[in-house]
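Trainee:
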Amino acid sequence: MREEATAFVPGHITGFFSAHPDDDPTEAGSRGAGVTLTDGVEVTVEPTDEAASTIVLDGTTLEIDAVETVLETLAVTARVEAESDLPLGAGFGVSGAMALGTALAANRVFERDLSWNELVTIAHGAEVQAGTGLGDVVAQARGGVPIRLEPGGPQVNKLDAIPARARVEYVTFGELSTADVLSGETDRLSAAGKQALSRVVEEPTLLSFMYASRLFAREAELLTEQVARTIGDVTEVDGQASMAMLGETVFAFGTGLSDAGYEPTVCATHPAGAMLK
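Just so you know, we're using UniProt numbering here: the sequence shown kicks off at 1 and counts up by one.
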C-alpha cells in the first residue's frame, strides 16, 4: 500500500447529447460530443484509519455519491482531497472527474491491480447511478474533442474524436441540476441530440460541432435567458459560442467571448485524457 497517489482529470464540456438509459449503469450513457479542458480536477487519495471515507473539494467537505460508490466498489476507505479550477454544477464534469480521479488514484494506493478500462467502467457506472452525468467520464478518459458514438463504459461504447485543438473561453452564471434534467422527460432532448450527432459525424470539425451544439441547446429548450443573450453577443462580433451541458455556462473557441466584451476564463482543449501524476 502506498501513502498516497494523485490523478489529474481534464474538465469536460458537453455540447450536445442524447440519453440512453439501461438497467446496467455501466451500459447506460449518452451519445454526443464535447471538449475536454486543460482546466480540470486534481484528485489525491490516501488511506485513512477513520471508519468512513472523507471527500474534500477545494477545502470543503462534501458528499459526492459517485465518489463514494467508486470507493465502495474498490472496497477501500480513504481520504479523497481534490482541487479544481472549475465550479461544481456548472457543466464542466467535475463530479465525473472526481469519480475517475478517485478510481485511478485509489487503484494505485491500495494496489487493486485493475486495468484502465475496468477503472473507467467503475467510475462511469458510479456517475450514472448518482444521476450526475452520462458521458463525462468516458470523454475525460479519452481527452481531446471526443465524439461518443455509442453509450456506456469502455466495454460497450464506441468513441471517435474531432482531430483539432483550440483555445477555449468560458463564463459561468450559475448552476443547473443535471439530475433534475436527466430524471425528467428526455425524448425531445434526445431527438435533438441525435440530429446534432449526425451533423458532426458527417462533418467532424470544430465549427460544425459548435453549430450543432448551439442548435441542440435551442431545440432541446435548455437555453436560459442569460445564456441566450451571451451567445447572441458573441454571434454579433462574428464569434461562435454555445451552452455547456448542463450548466448556466457559455463557452467559445478562440476569442469570441473576449471580443464580445466579457472577461472569460481562458484555457485550451486538453491533448490527452486523465492521467496519474
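Backbone N, C-alpha and C define an ideal beta-carbon position, used for all residues, glycine too.
1) Straight-line CA distance for residue 133 to residue 32?
2) Give a yes or no on whether the minimum CB-CB distance between residue 78 and chain C is below 7 Å.
3) Quick check on this structure: which residue in 229, 152, 192, 163 has the alpha carbon closest to the alpha carbon of residue 207?
4) With 16 other CB atoms within 10 Å as the buried threshold, where does residue 123 fall?
5) Does the beta-carbon distance from residue 112 to residue 71 come in below 7 Å?
6) Buried or exposed for residue 44, going by 16 or more other Cβ atoms inside 10 Å?
7) State whether the region 250-265 contacts the region 149-163, with contact taken as three or more CB pairs (one from each stretch) at a distance under 8 Å.
8) Do the region 45-54 and the region 137-155 make contact, defined as three or more Cβ pairs closer than 8 Å?
9) Using 8 Å as the Cβ pair cut-off and three pairs as the minimum, do the region 234-248 and the region 82-91 touch?
10) Just the C-alpha distance for residue 198 and residue 99, rounded to the nearest angstrom, thanks.
11) Determine whether the beta carbon atoms of residue 41 and residue 101 lie at a separation below 7 Å.
12) Using a 10 Å radius around the Cβ and a threshold of 16 neighbouring Cβ atoms, would you call residue 282 buried or exposed?
13) Decide if residue 271 is buried, meaning its Cβ has at least 16 other Cβ atoms within 10 Å, or exposed.
14) In three-state terms, what does DSSP make of residue 49?
15) From the DSSP secondary-structure annotation, give me the bridge partner or partners of residue 170.
16) Grab me the residues of residue 254's own chain with a C-beta within less than 8 Å of its C-beta, minus the 5 sequence neighbours each way, in chain order.
17) My parser needs the beta strand (DSSP E) runs of 3 or more residues fully inside the UniProt domain "GHMP kinase N-terminal" (66-144); what are they?
18) What is the DSSP secondary structure of residue 186, counted as helix, strand or coil?
19) Cβ atoms of residue 69 and residue 28: under 7 Å apart, would you say?
20) Report the residue ranges of all alpha helix (DSSP H) runs contained in full by the UniProt region "Disordered" (14-33); include only those spanning at least 4 residues, in chain order.
21) My output table needs one value for residue 202: the three-state DSSP class, helix, strand or coil.
22) I'd like to know whether the C-beta atoms of residue 86 and residue 11 end up nearer to each other than 7 Å.
23) Rounded to whole angstroms, how far is the Cβ of residue 37 from the Cβ of residue 276, which I believe are closer than 8 Å?
Mentor: Taking the coordinates as given:
1) For this step, residue 133 is matched to residue 133 along the sequence shown. For this step, residue 32 is matched to residue 32 along the sequence shown. Approximately 13 Å between the Cα atoms of the pair.
2) Reference to chain C is not applicable here, since this structure consists of a single protein chain.
3) Taking the sequence shown and counting its residues from 1, the one referred to as residue 207 is at position 207. Out of 229, 152, 192, 163, 163 has the C-alpha closest to the C-alpha of residue 207.
4) Sequence index remark: in the sequence shown, residue 123 carries index 123 (1-based). It counts as buried.
5) The residue given as residue 112 occupies position 112 in the sequence shown. The residue given as residue 71 occupies position 71 in the sequence shown. Not a contact, by the Cβ cut-off of 7 Å.
6) Numbered from 1 along the sequence shown, position 44 holds the residue referred to as residue 44. Answer is buried; the Cβ neighbour count reaches 16.
7) no
8) no
9) yes
10) Within the sequence shown, the letter at position 198 stands for residue 198. Within the sequence shown, the letter at position 99 stands for residue 99. Those two C-alpha atoms are separated by around 30 Å.
11) Working through the sequence shown from its first residue, we reach residue 41 at position 41. Working through the sequence shown from its first residue, we reach residue 101 at position 101. In contact: residue 41 and residue 101 (Cβ atoms closer than 7 Å).
12) Past the boundaries of the shown model lies residue 282; the chain is included only from 1 to 277, so the question cannot be answered.
13) To locate residue 271, count along the sequence shown from 1; it is residue 271. The residue is exposed, with fewer than 16 neighbouring Cβ atoms inside 10 Å.
14) As a working mapping, residue 49 is identified with position 49 in the sequence shown. Residue 49: coil per DSSP, three-state reduction.
15) Position 170 of the sequence shown, counting from 1, holds the residue named residue 170. Answer by DSSP bridge pairing, in chain order: 251, 265.
16) As a working note, residue 254 is residue 254 in the sequence shown. These residues qualify, in order along the chain: 166, 167, 169, 239, 240.
17) 78-84
18) Translated into positions along the sequence shown, residue 186 becomes position 186. Here residue 186 sits in coil by DSSP.
19) Translated into positions along the sequence shown, residue 28 becomes position 28. Translated into positions along the sequence shown, residue 69 becomes position 69. For residue 28 and residue 69, no; Cβs fall outside 7 Å.
20) none
21) Your numbering for residue 202 matches position 202 in the sequence shown. It is helical.
22) On the sequence shown, position 86 is the one that residue 86 refers to. On the sequence shown, position 11 is the one that residue 11 refers to. Yes, they are a contact pair.
23) The residue given as residue 37 occupies position 37 in the sequence shown. The residue given as residue 276 occupies position 276 in the sequence shown. Actually they do not touch by this definition, with Cβ atoms about 19 Å apart.
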